[in-house]
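Q:
Protein chains: 2
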Amino acid sequence: MDATPGLDDLDLKIVAALQIDGRRSFSNLGEELGVPASSIRYRAKRLQDEGILQVVGIANPLAIGFDLLAIVGVRTSPGTARDVCAALSAMHESSYVVMTSGRFDVLVEVIARDIADMTDVLQNKIGSVPGVLSTESFFVLEVAKLAYGWGVPAIEGLAADSSAPGTPTAD
Amino acid sequence: MDATPGLDDLDLKIVAALQIDGRRSFSNLGEELGVPASSIRYRAKRLQDEGILQVVGIANPLAIGFDLLAIVGVRTSPGTARDVCAALSAMHESSYVVMTSGRFDVLVEVIARDIADMTDVLQNKIGSVPGVLSTESFFVLEVAKLAYGWGVPAIEGLAADSSAPGTPTAD
DNA sequence: AATGAAATTTAAACCAT
DNA sequence: ATGGTTTAAATTTCATT
């Protein structure tokens, strides 16, 4: 599902609006954009169906008992990167999986409750995915920026949390 | 900002449900959880007001005209990592900035419209931040998973509607 | 804090263009 | 793909415990 060459201006405005408030009513948005609500709904559904947009709740992991975040660089044997991505994506401990060029073939963000949990993921789970040759972990000490909206001005940061994040905000 | 003392079981179920489908109706969720819709609403509002939860739209950047995504590993001179993070966070081309331990002191996700844009960011902008010693770029070839729902593997009896984006994958 | 119930707004399905 | 119409559903507000 390769996406979508062309999103028009209205699509982008809908995306931008929902990036700011994912529960905004389509009627309300339609009024602002001067388009009927049914059109907004049609577009929004299509965007979601095509995987371009998703509306989700984002919880501050630190507020719900997840204290460890790490980025893991993975090297894979030739030709397996995509399968490795799929396997890593299926793990509920991963929140971000991308295939890359460079020293690593895959980068994964892993979130865990504690050291034991993280160790298990790193050692047993990721290590046992076929095609994985090696891993290198980068523990996240502080989150400085977490922007979910691309191309939109600003979104309030993920809350506040005492411990780590400096100031998670969009620019 | 301080700790979130207590999220009870119901709070966590609400968070979990919204992580799966941010637009799910509170009535529908209330039915499933055996709680009145008004209670769900009350809780959800509180969670949002306290910054524990936010419902947002997330777009696949590659689908909305930002064709280049890269993760950049940055090494910094001792003691400057936090300042470097701040400087990188201020760039609108960055969408994710974290301070890490390991080979890199800082990891940044950079999003750009084209090669020229990316080159400018890499060479001129990041390169000129005081404290930056070196950078190593990982270009994102494919986005396999973009999930902002942490820690909700499966709560029994919590079913998303058929159409809901279960484990959102974008590519 | 949590619930219930009414009035209002919104969404989903359908259909015509 | 759009815009309108209708019906069912959801949200908001306010009252109640």
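Quick note, the sequences are listed as chains P and E, same order. Counting from 1 along the first sequence, just add 270 to a position and that's the residue number in our numbering. Counting from 1 along the second sequence, just add 270 to a position and that's the residue number in our numbering. Think of the CB as a built atom: it goes at the ideal place given N, C-alpha and C, for glycine as much as any other residue.
1) DSSP on glycine 397 of chain P, reduced to helix/strand/coil?
2) Label isoleucine 338 of chain E either buried or exposed according to how many other C-beta atoms from any shown protein chain fall within 10 Å of its C-beta, with 16 as the threshold for buried.
3) Can you tell me the Cα-Cα spacing of arginine 383 of chain P and isoleucine 322 of chain P, whole angstroms?
4) Identify which residue in P/Leu282, P/Leu411 and P/Arg311 has its Cα closest to the Cα of glycine 300 of chain P.
5) Show which residues of chain P have a CB atom less than 7 angstroms away from the CB atom of glutamine 289 of chain E.
6) Where methionine 388 of chain P and asparagine 298 of chain P are concerned, what is the direct C-alpha to C-alpha distance, given to the nearest angstrom?
7) Hey, is serine 347 of chain E's beta-carbon within less than 9 angstroms of any beta-carbon in chain P?
8) Assign glycine 445 of chain E to one of three DSSP states: helix, strand, or coil.
9) Our contact map puts phenylalanine 374 of chain P next to glycine 343 of chain P with C-beta atoms below 8 angstroms; I'd like the distance itself, whole angstroms only.
10) With 16 as the cutoff for other CB atoms within 10 Å, does lysine 283 of chain E come out buried or exposed?
11) Relative to the ligand ATP, is the shortest distance from any of its heavy atoms to the C-beta of alanine 307 of chain E smaller than 8 angstroms?
12) Within the same chain, show all residues whose beta-carbon is closer than 6 angstroms to that of glutamate 379 of chain P, passing over the 5 residues directly before and after it, in chain order.
13) Going straight from the alpha carbon of glycine 335 of chain P to that of valine 305 of chain P, what length do you get?
14) Using a C-beta cutoff of 9 angstroms, does tyrosine 366 of chain P count as contacting chain E?
15) Please compile the residues from chain E whose C-beta is within a distance smaller than 9 angstroms of the C-beta of valine 410 of chain P.
16) If you run the structure through DSSP and keep just helix, strand and coil, what is glycine 436 of chain E?
17) How would you list, in chain order, the residues of chain P whose beta-carbon sits under 7 angstroms from the beta-carbon of valine 413 of chain E?
18) Mind listing the chain E neighbours of glycine 292 of chain P? Cutoff is C-beta to C-beta under 7 angstroms, in chain order.
19) In the DSSP assignment, what residue or residues form a beta bridge with phenylalanine 374 of chain P?
20) Please list, in chain order, the chain E residues whose beta carbon lies closer than 7 angstroms to that of leucine 416 of chain P.
21) From what residue to what residue does the beta strand (DSSP E) around serine 407 of chain E run?
22) Starting from the C-beta of phenylalanine 408 of chain P, find all residues in its chain whose C-beta is less than 8 angstroms away, skip the five residues before and the five after it, and write them out in chain order.
A: From the atom records:
1) helix
2) Residue identity differs from the one stated: residue 338 of chain E is leucine in this sequence, not isoleucine. With 16 or more Cβ atoms within 10 Å of its Cβ, leucine 338 of chain E is classed as buried.
3) Inter-residue distance for arginine 383 of chain P and isoleucine 322 of chain P is about 30 angstroms (C-alpha atoms, whole angstroms).
4) P/Arg311
5) Val326, Gly327 and Ala329
6) Taking the straight line from one Cα to the other gives about 43 angstroms.
7) no
8) Here chain E has residues from 271 to 441 only, and residue 445 of chain E is not among them.
9) 4 angstroms
10) Taking a 10 Å sphere around the C-beta of lysine 283 of chain E, we find 16 or more other C-beta atoms and assign the residue as buried.
11) Among the ligands in the structure shown, none appear at all, so the ligand ATP cannot be discussed.
12) Cβ within range, chain order: Ile341, Ser365 and Tyr366.
13) The C-alpha of glycine 335 of chain P lies about 43 angstroms from the C-alpha of valine 305 of chain P.
14) yes
15) Val368, Met369, Thr370, Ser371 and Leu377
16) Annotation note: pLDDT 32 at glycine 436 of chain E (below 50); position unreliable, no value reported.
17) Taking a Cβ-Cβ cut-off of 7 angstroms, the neighbours of valine 413 of chain E in chain P comprise Val368, given in sequence order.
18) Gly292, Arg293, Val325, Val326 and Gly327
19) Answer is none; phenylalanine 374 of chain P lacks a bridge partner.
20) Tyr366
21) 402-416
22) Ala340, Ile341, Val342 and Gly343
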